[in-house]
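Remarks on the structure that follows.
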Amino acid sequence: TPGVLLKYFCALYESLPKIEEDNQVYASIREAERFREILVKMKTQNVNRLHFYLTKTWGGAYKKFFSGLQNKIALEFFRTYPVPQVLKEIKAQELARFLYEASSHHLGRGNPREIAQEKAKLILSSIKGIKDLPLTLEREMKKEIIKELVANISQLKASIRAIGRKLEKDLLSKTGQSLTSLKSIDTVTASVLLGETLNPDRFSTRDKFARYNGSAPQERSSGGRAKHRARKGCNRRLKRTLRQISVTAIVREPLT
Numbered sequence: 042t043p044g045v046l047l048k049y050f051c052a053l054y055e056s057l058p059k060i061e062e063d064n065q066v067y068a069s070i071r072e073a074e075r076f077r078e079i080l081v082k083m084k085t086q087n088v089n090r091l092h093f094y095l096t097k098t099w100g101g102a103y104k105k106f107f108s109g110l111q112n113k114i115a116l117e118f119f120r121t122y123p124v125p126q127v128l129k130e131i132k133a134q135e136l137a138r139f140l141y142e143a144s145s146h147h148l149g150r151g152n153p154r155e156i157a158q159e160k161a162k163l164i165l166s167s168i169k170g171i172k173d174l175p176l177t178l179e180r181e182m183k184k185e186i187i188k189e190l191v192a193n194i195s196q197l198k199a200s201i202r203a204i205g206r207k208l209e210k211d212l213l214s215k216t217g218q219s220l221t222s223l224k225s226i227d228t229v230t231a232s233v234l235l236g237e238t239l240n241p242d243r244f245s246t247r248d249k250f251a252r253y254n255g256s257a258p259q260e261r262s263s264g265g266r267a268k269h270r271a272r273k274g275c276n277r278r279l280k281r282t283l284r285q286i287s288v289t290a291i292v293r294e295p296l297t
């Protein structure tokens, strides 16, 4: 409820560190976390495009191969075998060996070699009707696009991890804050909270901070009756993150 959320936000406000106006660490945190969000959106766009092209070339069969398209083994597989025609002369044993190595010998519970063998058989049996189709100029182009998308996703994942490490080790550590000690706050949410708030001292009261982050509803009177509506003039990034934090906190760390 709004009352519970506001109570949580007020408690969170009290835990924010007070900083000097000229402290550039918080401005750097804001730049880093905003750029990270851009990279995350770019990765999502590339993943969606990859799904599109895989559907065009593999049909729906590819969705049965791996638990997720962004995991290491899936990306390595589609980088090496972007279209079914590349598997035309590949035997199950060779493909199983590839899967075993690409997964760093971890393919879930059970014997990894046996799992790799079963997965190889699944993949090859799923494409019996399409792997013998000619590798036309159009399919060749789709093959190159898929390889490029896989490379983009891999690079974006690496960049997102690098920024996460930068935030955790080089920037958040300089603030002296302990927000990440809370179960409901991780490196990313702490970065948004601190980066978007900047100096809490610029808010003379907790109510002003609540209006800035959007947790305080906007009151409007009509016909002698007061109505509360969601506040539009607020920091939406901070509002979204605070709501995410509060929902998690209500479950994991209920206020007493």
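In case it helps, this note's numbering puts the sequence shown at residues 42 to 297.
Note that CB positions come from ideal geometry on N, CA and C, so glycine has one too.
- DSSP, reduced to helix, strand and coil, places P123 outside both helices and strands of the structure shown, so it counts as coil.
- With contact defined as three or more Cβ pairs closer than 8 Å, the region 67-76 and the region 156-172 are not in contact.
- Taken through DSSP and simplified to helix, strand or coil, R150 comes out as coil.
- In this structure S232 is buried. Its beta-carbon is surrounded by 16 or more other beta-carbon atoms within 10 angstroms.
- Separation of I79 and L110 (C-alpha to C-alpha, rounded to the nearest whole angstrom) is 20 Å.
- Rounded to the nearest whole angstrom, the C-alpha separation of E181 and L234 is 47 Å.
- Burial state of E185 is exposed, judged by a 10 Å Cβ sphere holding fewer than 16 other Cβ atoms.
- In terms of CA proximity to D173, W99 leads the group Q65, W99, L140.
- Excluding the 5 residues flanking it on each side, K183 has same chain C-beta neighbours closer than 7 Å at Y94, K97, T98, V124, in chain order.
- Put simply, of L136, T216, P175, V81 the residue whose alpha carbon is nearest the alpha carbon of I156 is L136.
- For R281, the closest alpha carbon among the candidates E237, S245, S145, D248 is that of E237.
- For L190, the uninterrupted alpha helix (DSSP H) run begins and ends at 178-206, by DSSP.
- Of the candidates F119, K105, K129, S69, F119 places its Cα closest to the Cα of V88.
- Taken through DSSP and simplified to helix, strand or coil, N112 comes out as coil.
- Around the Cβ of R71, a 10 Å sphere holds 16 or more other Cβ atoms; the residue is buried.
- Annotation for R90: the continuous alpha helix (DSSP H) segment containing it runs 65-99.
- Of the other Cβ atoms in all chains shown, 16 or more fall within 10 Å of the Cβ of T230; this residue is therefore buried.
- Secondary structure note for Y141: its alpha helix (DSSP H) is the uninterrupted segment 133-143.
- Under the three-state reduction of DSSP, F250 is assigned to helix.
- When DSSP states are grouped into helix, strand and coil, K160 belongs to the helix group.
- Here K105 is exposed: its Cβ has fewer than 16 other Cβ atoms, across all protein chains shown, within 10 Å.
- Rounded to the nearest whole angstrom, the CA to CA distance from G101 to K169 is 13 Å.
- Of the candidates L190, R206, R284, the residue whose Cα lies closest to the Cα of L116 is L190.
- Within a 10 Å sphere around the beta-carbon of K224 sit fewer than 16 other beta-carbons, which makes this residue exposed.
- Taken through DSSP and simplified to helix, strand or coil, I291 comes out as helix.
- Taking the C-beta atoms as reference points, I226 is found nearer than 8 Å to I286.
- Taking every protein chain shown into account, the CB of K84 has 16 or more other CB atoms within 10 angstroms, so this residue is buried.
- Contact between I187 and L91 holds, with the beta-carbon distance rounding to 7 Å and staying under 8 Å.
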